[in-house]
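Okay, structure first, notes after.
There are 2 protein chains.
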Amino acid sequence: MSVGIRHDDLRRRNRAMVISAVRRAGQPSRTEIAATTGLSHSTISAISSDLIGEGILSESKASEAVSLKRGRPQVGLALNPEAAAVLTVVLSLNFLSVAVIDYAGQVIAEEQRRLDTLTMPRDELIGECTAIVRRRLEDPDLDVQNIARIALAIQGITDSDARAMLWSPITPLTNIAFADILEGEFGIPATMENDCNMMAVALRWREPDRYRDDFIAILLSHGIGMGLVLKGELFTGTHSSGGEFGHMIHRPGGALCRCGRRGCVEAYAGNYAIWRNAKQMGEDAEPVADVSDADMRTLAARAREADGPEREAYRKAGEALGFGLGSLFALIDPAPVAMVGVSAGAFDLIEPALREAIAQTAGGQHSGSISFDTEPNELPLIREGCAMRALSFVDQEIFAPGIQMRAGSGKSVA
Amino acid sequence: MSVGIRHDDLRRRNRAMVISAVRRAGQPSRTEIAATTGLSHSTISAISSDLIGEGILSESKASEAVSLKRGRPQVGLALNPEAAAVLTVVLSLNFLSVAVIDYAGQVIAEEQRRLDTLTMPRDELIGECTAIVRRRLEDPDLDVQNIARIALAIQGITDSDARAMLWSPITPLTNIAFADILEGEFGIPATMENDCNMMAVALRWREPDRYRDDFIAILLSHGIGMGLVLKGELFTGTHSSGGEFGHMIHRPGGALCRCGRRGCVEAYAGNYAIWRNAKQMGEDAEPVADVSDADMRTLAARAREADGPEREAYRKAGEALGFGLGSLFALIDPAPVAMVGVSAGAFDLIEPALREAIAQTAGGQHSGSISFDTEPNELPLIREGCAMRALSFVDQEIFAPGIQMRAGSGKSVA
DNA sequence: CTCTATTTTTTCGAGCCTCGAAAAAATACT
DNA sequence: AGTATTTTTTCGAGGCTCGAAAAAATAGAG
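In structure tokens:
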């Protein structure tokens, strides 16, 4: 802790700054980079010259858009797609998908596969994962031998070191150190990420204006998950991967949750809970294992048609989400929310009760100004988040082969 | 954002590192500082020589504890008490207290005063504050003309810039920009802090082993407040000063809270709520304005004596706190908790129900291992926290007169 | 009392890094 | 073709940290 700054760290960090500026801006000129980083032109010139020499950046000759200004035209710097590549693995319920992404962020190969995650034994599940990765790595059509990083995302709880899955709803298995397994198998550094966290990462890259420093991504799926960005950084718990929004308590002693406890938000707002309420099975009914997306859409359609138990089920979901968000907002103050997943497609049914509930909470003071976006399909987001996360790791590994310190914040609270 | 590191920032930061190492360690030798900061001996020698020359540090000639080792003895570096001083102001219900603290952290003057905050008009409240500060500043017994910073703490919500009180239970007044007022009056930089945050800051200095990177300070007083430290940094909300733990929703539509809403944790666990339940006044009864500490202690005594409504009231408080903590732990994972304030003295009555409740939540998985400390007196903690906060500001202002950047973290989520 | 071993602290030159100013490069306008 | 303008590179200056060596300060041994 509290480590000083060495002289050589300086260059490393400023290199990082330049790379990240290029990744963010697309094709910034040296002048633009100097402006955003606050470093001098000479420094940017020196660093980018190094980076180009090392094949990390390249000058984009694309002299399109004939310069309107006079003077020497700016020459854009771009990430060299061939500098490296990363591999993403997304493991979700009964579905496994991998993609290879080049250093500039383009997908250059992918493969998807259905499998029965709920019943699969440990060896087989791990085997499927390593096999699909191996097929991509050994694909003769692709000569990307330089996969620099693997990011694997899974629904459920991962440890705070991003090494292992601790628990997941997609399998009864627990404690699988996927990151270590993949690293051991392929000798490529790997991380194990939480799916909702990756959604949040992706949203930030997709819409940096809307999702900048503070926002919330909530997965409305069979379970309820959350990815939380606070002060520009992904918020993860102290031990595990992060905010188990779905297991905040909505009603003490209330409806039976998939986790075995009672009254969690998820026990009212998860697909199985909506299903259970819509079918009027009672709050003590054992959660069903899975409800297909199609079934959920049918349910939503019926709820829109008539004021029956289906509509009431969505109302209850909205209420639980609203009070949950209200409590969350009491802690972190209101922030933009993105609702993701199949039930986000039914957000019209959820929103009224949600807003009504949130207005009754401390966090709901500005209830009207809280905005919700919806995105029914979580998979592309998760994969995109994984890709960006892996690429950012590469950005840092390439420029900073040494120890990366937590930005010498050092200063203690006070 | 994403600002690069300049060459001269380097020295500034390493100076900061040295100062903070000295503040933390007490009287470390140059060698010890070199070890903890990771900088070379030469660098530490140069920096500390500068700091001594500027009167910020001083060599502690205190050759006490005759060195047992041979070789040149280490010479301890200490903060020079006369380098600066800070002033703390703590404004709580019907009570105003100020203290002057030297650069080494010793209280060198103080003054306290009772006043009727609940009915006082705006001008008068502000006037009392400025007057008491002025008396300390003009005290002829004290020749500390170099007050470098004022930190003012208040119960309630402050803005995220630490400039103004937005709302407080101790007065019906709102939006008082205390920091600006004091700065304008005395020309000394000032900040407006939340009391519970200061408690957390103080706990971290008092018991760094127990309260290090992640912990929670909860104020059990008339209202329920929280100071939260995550990953070594004080957690504050995006807009306001921070976690309104007391206004997380315990029971939707439940007991009437002082804030006007229903079902907040505070509506079950605040002094007025315990009082209301103990007197069996019903959950809709308007919260009383204040319950004296003595009354609360009497209540607790009665609850210990017999199993009546008083005991039940504490049980309900424990339950609300337990479920609230459970939801909080779902978000941030379990962490050590310090219970502060008069009702922390009745924690024996609260704890059983609290633990029972927390065990029913997702965060309570390791319910047994969560530890609670109690500290019945919040005032000294708040003042201490203010002092440390102000001193830390001075540490930074003295060494880094320029722009202080948020430790060039720059790197975006991903 | 002197000498030696040991530990801390300072000194000094080397190597980097960033910066500002000036030069070079590349284009639009006249 | 020449000038104005903007971007990028070059170059020397000034700072900072580091490692090695020197200096300082003490305990223990004889």
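First to last, the sequence lines map onto chains S and P.
Going by UniProt numbering, the first sequence opens with residue 1, and the numbers climb by one from there.
Going by UniProt numbering, the second sequence opens with residue 1, and the numbers climb by one from there.
Positions of the beta carbon are idealized from the N, C-alpha and C atoms, including for glycine.
- Listed in chain order, the positions of the stretch 192-219 of chain S with a beta carbon within less than 8 Å of a beta carbon of chain P are Ala200, Val201, Arg204, Trp205, Asp213 and Asp214.
- The beta carbon of S:Gly227 is closer than 6 Å to those of Cys196, Asn197, Met199, Ala200 and Ala217 in its chain, skipping five residues each way along the sequence.
- If only uninterrupted beta strand (DSSP E) runs of at least 3 residues are considered, those enclosed by the stretch 83-127 of chain S are 85-92, 95-102 and 107-114.
- In the three-state reduction of the DSSP assignment, P:Thr191 falls in the strand class.
- The C-alpha of S:Phe329 is placed about 14 Å away from the C-alpha of S:Ala320.
- It is roughly 11 Å from the alpha-carbon of P:Ala190 to the alpha-carbon of P:Ala177.
- A direct Cα-to-Cα measurement between S:Ile358 and P:Ile398 gives close to 45 Å.
- Here P:Leu68 is exposed. Its C-beta has fewer than 16 other C-beta atoms within 10 Å.
- Think of a sphere of 9 Å around the beta carbon of S:Met339: no beta carbon from chain P falls inside it, the nearest being about 18 Å out.
- When Cβ-Cβ separations below 9 Å define contact, P:Asp333 makes contact with chain S.
- Under the three-state reduction of DSSP output, P:Arg149 falls in the strand class.
- Annotation: Cβ neighbours of S:Val3 in chain P (cutoff 7 Å, chain order): Thr37 and Gly38.
- In the three-state DSSP reduction, S:Ser29 falls in the strand class (E or B).
- Residues of the stretch 244-256 of chain P whose Cβ lies closer than 9 Å to any Cβ of chain S, in chain order: Glu244, Phe245, Gly246, His247, Met248, Ile249, His250, Arg251, Pro252 and Gly253.
- According to the DSSP assignment, S:Asp50 belongs to the alpha helix (DSSP H) that extends over His41 to Gly53.
- Taking one beta carbon from each stretch, the stretch 134-148 of chain P and the stretch 369-378 of chain P have fewer than 3 pairs nearer than 8 Å; the two do not touch.
- Not a single CB atom of chain P sits nearer than 9 Å to the CB of S:Thr374.
- Going by DSSP, S:Pro172 is part of no alpha helix (DSSP H) but of the beta strand (DSSP E) stretching over Thr171 to Ile176.
- Here P:Asn94 is near P:Asp116, since their CB atoms are less than 9 Å apart.
- Scanning its chain for C-beta atoms nearer than 8 Å, with the 5 sequence neighbours on each side dropped, one finds around S:Ala285 the residues Leu256 and Arg276, in chain order.
- P:Trp167 is bridged by DSSP to P:Ile157 and P:Thr174.
- By the criterion of a C-beta distance shorter than 7 Å, P:Val90 is surrounded in its chain by Ser97, Ala153, Leu379, Ile382, Arg383 and Cys386, once the five residues flanking it on both sides are discounted.
- Taking CB atoms only, S:Gln106 has no neighbour in chain P less than 9 Å away.
- Chain order gives the chain S residues near P:His239 as Asp333 and Pro334, where near means a beta carbon separation below 8 Å.
- For S:Leu10, the chain P residues whose Cβ falls inside 8 Å of its Cβ are Ile5, His7 and Leu10, in order along the chain.
- Residues of the stretch 14-30 of chain S with a C-beta less than 9 Å from any C-beta of chain P: Asn14, Ala16, Met17, Val18, Ser20, Ala21, Arg23 and Arg24, listed in chain order.
- In the DSSP assignment, P:Cys264 is bridged to P:Ile249.
- For S:Ile224, no alpha helix (DSSP H) encloses it; the enclosing beta strand (DSSP E) starts and ends at Ile224 to Leu230.
- In this structure, P:Gly184 sits away from S:Ile332, with a CB-CB distance that is not shorter than 9 Å.
- In the structure shown, the three-state DSSP call for P:Glu283 is coil.
- Our two residues, P:Arg315 and P:Arg355, have alpha carbons roughly 11 Å apart in a direct line.
- Secondary structure at P:Ile218: strand, using DSSP grouped into helix, strand and coil.
- S:Leu68 sits in coil when the DSSP states are folded into three classes, being neither helix nor strand.
- At a cut-off of 9 Å between beta-carbon atoms, S:Arg315 makes no contact with chain P.
- Residues of chain S with a Cβ closer than 8 Å to the Cβ of P:Phe347 do not exist; the shortest Cβ-Cβ separation is about 20 Å.
- Taking 9 Å as the cut-off, the Cβ atoms of P:Arg23 and P:Ile44 do not count as close.
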